Amino acid sequence: MMQSFTRWTLALAVPFALAGSVAGLNELGAFPGFASAGVQEVAPLGSAVSNPLSTLGVPPMAKAAVATAIAAAPDLHTQIKWVEVRNGKDMVMTPDATSRLLLVQAAAERANLAEVGLNYQDVYGLINAETSWLPRTGVGKTGTHSYGLAQFEPGTAKALGLKDPNDPVEAVYAAAMHMKTAAQWSAEKLSALKLPPQVYAEKLREGVSIYYNLSWKGRRAWNGMNTDKLPTPTLRHIENTRWGAQRAEFLAQQLGMGENAAS
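Under mature numbering (1 follows the signal peptide of the UniProt record, and there is no 0), the letters of the sequence shown match residues -19 to -1, 1 to 244, in that order.
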């Protein structure tokens, strides 16, 4: 599966404030390392979320939906190209920019995320927040291990019908399906609020991160308007997801992959 090995060095991530609006693409400017579309992408954010996905809230139909989605995408494995990057003192493998976009665009389309107001940029952003696109094995506060690009715990993987959380195609497809459930939960939490479309879209995405990052008890505390009261790791997840979504849009423009993308 590791077809192409290109060595490039990680750059420092853009720092964010944990509250308030995040800068748009124009304010972020031309991301360092992108002199042209042919230049390898500089690294995404270096810090990943500490709490892996929760098994709570996985609908019964999700298992079949994930299995169907994964079965429909066998060719993606042959299209993924891997590059070697420096992560601290170690050299690790990550899908290159084109492969990342192929994965998230296909996953978003298959999950029909547009139905719940999300798009492929959101999938890219979530993987960015979870692992910075560096596959790894994580350990949560309870000692439970989590695996792969999307940091699925064994219980969540089983509930979603995910056979191999270390498989990038399976992981991203399952993450997109799980995001759909998260967006539906978020929309329900926001249903009583009369929010302008732009604010609603922002809050909907905050809810997706909250669904991923917090236990059921923590989720219940969110009312749609008290995001700034949430734990720092959750706020960081929200900001890293936003930043990752912006990077996905930038990459799609640079690589000419935006026109036929799911949205």
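Ideal Cβ positions, reconstructed from N, Cα and C, are used throughout, including at glycine.
Nothing here was measured: the structure is a model prediction, and the numbers come from that model.
Could you name the residues that DSSP lists as bridge partners for residue i?
i, result
"S127", "G119"
"D71", "N68"
"W63", "P76"
"F133", "Y128"
Can you grab the Cα-Cα spacing for the pair residue i / residue j, in whole Å?
i, j, result
"Q21", "V73", "Bear in mind that the predicted position of Q21 carries a pLDDT of just 35, short of 50, making it unreliable; the figure below should be weighed with that in mind. Taking the straight line joining both Cα atoms gives about 15 Å."
"S127", "P116", "10 Å"
"N32", "W224", "Its pLDDT being 44, under 50, N32 is placed unreliably by the model, and the measurement read from it follows with that caveat. Computed Cα separation, rounded: 19 Å."
"D103", "F231", "13 Å"
"A182", "G98", "7 Å"
"E90", "Y101", "8 Å"
"E220", "Y192", "15 Å"
"A243", "K144", "Caution is warranted here: a pLDDT of 42 is assigned to A243, below 50, making its placement in the model unreliable, and no coordinate value can be reported."
"G129", "A138", "11 Å"
"G237", "W63", "20 Å"
"Q227", "K122", "30 Å"
"R217", "T59", "34 Å"
"R200", "N207", "11 Å"
"G239", "A229", "9 Å"
Smallest Cα separation from residue i: which of the options?
i, options, result
"R186", "H126, A168 and K144", "A168"
"I61", "A92, A78 and G106", "A78"
"G205", "G69, L171 and E65", "L171"
"A88", "L57, P135, Q165 and R201", "L57"
"S190", "A229, A140 and W203", "W203"
"Q165", "A95, P212 and E65", "A95"
Thinking residue i and residue j are a contact (beta carbons under 8 Å), I'd like their distance in whole angstroms, please.
i, j, result
"A163", "G188", "7 Å"
"N109", "T222", "7 Å"
"A92", "K161", "5 Å"
"residue 248", "E111", "Given that the chain is displayed from residue -19 to residue 244, the structure contains no residue 248 and the question cannot be resolved."
Item to complete: Decide if the stretch 143 to 159 is in contact with the stretch 173 to 185; the criterion is three or more beta carbon pairs, one per stretch, under 8 Å apart.
Response: no
Practice prompt. Would you be able to state if there are at least three C-beta pairs under 8 Å between the stretch 75 to 90 and the stretch 233 to 240?
Written response: Contact between the stretch 233 to 240 and the stretch 75 to 90 is present, because at least three Cβ pairs lie under 8 Å.
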